[in-house]
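Reviewing the structure listed below.
Protein chains: 2
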Amino acid sequence: MMTNEISYASEFYSFLTGRVSTAIGRRLQRNFKESGLHITAEQWSVLYYLWESEGLSQQDIAKLTFRDKPSVSRLISNLEKQKLLVRVCSSGDKRANQIYLTAQGHKIKDKCMQQAEKTISEALSGVDRVSMQQAQQILEIVFNNLK
Amino acid sequence: MMTNEISYASEFYSFLTGRVSTAIGRRLQRNFKESGLHITAEQWSVLYYLWESEGLSQQDIAKLTFRDKPSVSRLISNLEKQKLLVRVCSSGDKRANQIYLTAQGHKIKDKCMQQAEKTISEALSGVDRVSMQQAQQILEIVFNNLK
DNA sequence: ATGATTTAATTGCATCAACAACTTATTACC
DNA sequence: GGTAATAAGTTGTTGATGCAATTAAATCAT
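Protein sequence lines correspond, in order, to chains A and B. Under the numbering used here, read the first sequence as residues 2 to 148, first letter to last. Under the numbering used here, read the second sequence as residues 2 to 148, first letter to last.
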């Protein structure tokens with residue numbers, strides 16, 4: 002029983018450490034850099050949603066990206082420094098900011114998505130789509146167990 | 002073609018952001034804290050190998066945990082501050098440190114492993130072992146594609 | 001309508017990661 | 001044996017995270 006649990010732990014270990022997702026994030030960032038984009042993988046994950054719909058609040062972004070509010074606040078600050086987006090105080094709710102992309106923020110979309118796709122191709126080489134979807138379903142269950 | 006790639010990207014998105022492994026790490030750390038252990042998930046990943054074999058070099062630990070040397074150096078420094086381990090200058094190679102656990106470092110092993118197992122049980126609730134192993138195989142392929 | 005409770009966002013603090021530059025010791029080469 | 005290349009570890013910088021505490025605005029309750 003105990004032995005069983007420990008060996009299970011051992012199998013699960015690499016999963017637990019998140020080395021795969023770290024490797025993916027690192028490769029993504031490297032691909033951004035090589036194509037001349039000076040953004041991080043985390044910044045990309047925020048921009049990803051803004052390209053879909055502008056005017057999101059920081060709270061919205063926090064929920065979408067599964068980050069806490071302080072993390073989003075600082076990510077937004079860094080992106081604002083880079084002039085990729087702006088905070089606009091919401092007229093309806095004076096506590097909230099609405100986030101809008103700048104021209105530059107729009108401009109880099111295609112280039113970023115190309116690099117994201119490239120990263121995915123590199124990561125999934127030799128993995129058939131069905132297996133990948135099954136793996137994702139497992140990850141989804143695990144995530145729901147913990148959130 | 003392009004559309005196909007983009008929808009693939011979007012399926013892959015949660016994977017790319019590493020939210021599952023983040024959630025696992027957070028839960029592990031929370032479980033440590035609740036049981037009175039003041040260590041981080043990252044520190045645990047170092048201790049995990051030292052409980053198996055003491056006297057590892059920092060380079061060894063870097064390879065085992067897939068971290069770079071600076072990261073290991075600082076993790077070891079923090080663990081040394083907490084008096085869980087010590088650096089011992091290797092007699093064979095004066096550049097290298099050998100890492101040894103203190104009595105306290107040994108003492109917390111069982112408690113830590115209990116919490117790691119608890120975290121795994123929580124994470125894997127509702128996931129059968131075969132599916133999990135299949136998912137791990139996919140992750141292994143992805144990791145090898147990127148490393 | 002006012003006092004209490006939520007909610008949006010920010011700031012402080014500690015830890016961690018990636019990358020680059022550096023020191024010191026070891027090994028390789030000629 | 002002496003110089004060059006390699007390897008182990010450290011330090012600095014920047015960006016990110018988690019948690020706790022704070023401010024300010026909105027909502028709820030009586």
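Positions of the beta carbon are idealized from the N, C-alpha and C atoms, including for glycine.
Any C-beta of chain B under 9 Å from that of residue i
| i | result |
| --- | --- |
| Ser-1 of chain A | This structure does not reach residue 1 of chain A, given that chain A is present from 2 up to 148, and the question cannot be answered. |
| Thr-41 of chain A | no |
| Arg-27 of chain A | yes |
| Phe-33 of chain A | no |
| Gln-135 of chain A | yes |
| Val-73 of chain A | no |
| Ile-62 of chain A | no |
Sheet register partners of residue i (DSSP bridge)
| i | result |
| --- | --- |
| Ser-58 of chain B | B:Gln-99 |
Proximity below 9 Å, CB of residue i to CB of residue j
| i | j | result |
| --- | --- | --- |
| Leu-48 of chain B | Gln-116 of chain B | no |
| Ser-132 of chain A | Ile-139 of chain B | yes |
| Arg-27 of chain A | Leu-147 of chain B | yes |
| Phe-33 of chain B | Thr-23 of chain B | no |
CB contact below 9 Å: residue i versus chain A
| i | result |
| --- | --- |
| Asn-146 of chain B | yes |
| Thr-4 of chain B | Note that Thr-4 of chain B has pLDDT 44, beneath the 50 cutoff, so the model's placement of it is unreliable and the number below is only indicative. For Thr-4 of chain B, the answer is no, since every Cβ of chain A falls outside 9 Å of its Cβ. |
| Gln-105 of chain B | no |
| Val-89 of chain B | no |
| Ala-124 of chain B | yes |
| Ser-54 of chain B | no |
| Val-128 of chain B | yes |
Rounded distance between the beta-carbons of residue j and residue i, thought under 8 Å
| i | j | result |
| --- | --- | --- |
| Lys-84 of chain B | Thr-103 of chain B | 6 Å |
| Ser-58 of chain A | Ser-92 of chain A | Between Ser-92 of chain A and Ser-58 of chain A the Cβ distance is about 12 Å, and since that is not below 8 Å, they are no contact. |
| Leu-51 of chain A | Leu-86 of chain A | 7 Å |
| Gln-105 of chain B | Leu-76 of chain B | Incorrect: roughly 17 Å between the Cβ atoms, too far for contact. |
| Glu-53 of chain A | Tyr-101 of chain A | 13 Å between Cβ atoms; not a contact. |
| Val-128 of chain B | Val-21 of chain A | So it is not a contact: roughly 17 Å between Cβ atoms. |
| Ala-136 of chain A | Ile-25 of chain A | Contact doesn't hold; Cβ gap of about 13 Å is too wide. |
Residue i CB to nearest heavy atom of the ligand SAM below 8 Å
| i | result |
| --- | --- |
| Val-128 of chain A | Although the ligand SAM was asked about, the structure shown includes no ligands whatsoever. |
Every unbroken beta strand (DSSP E) inside the stretch 68-134 of chain A [3 residues or more]
Within the stretch 68-134 of chain A, the complete beta strand (DSSP E) runs of at least 3 residues are 86-90 and 98-102.
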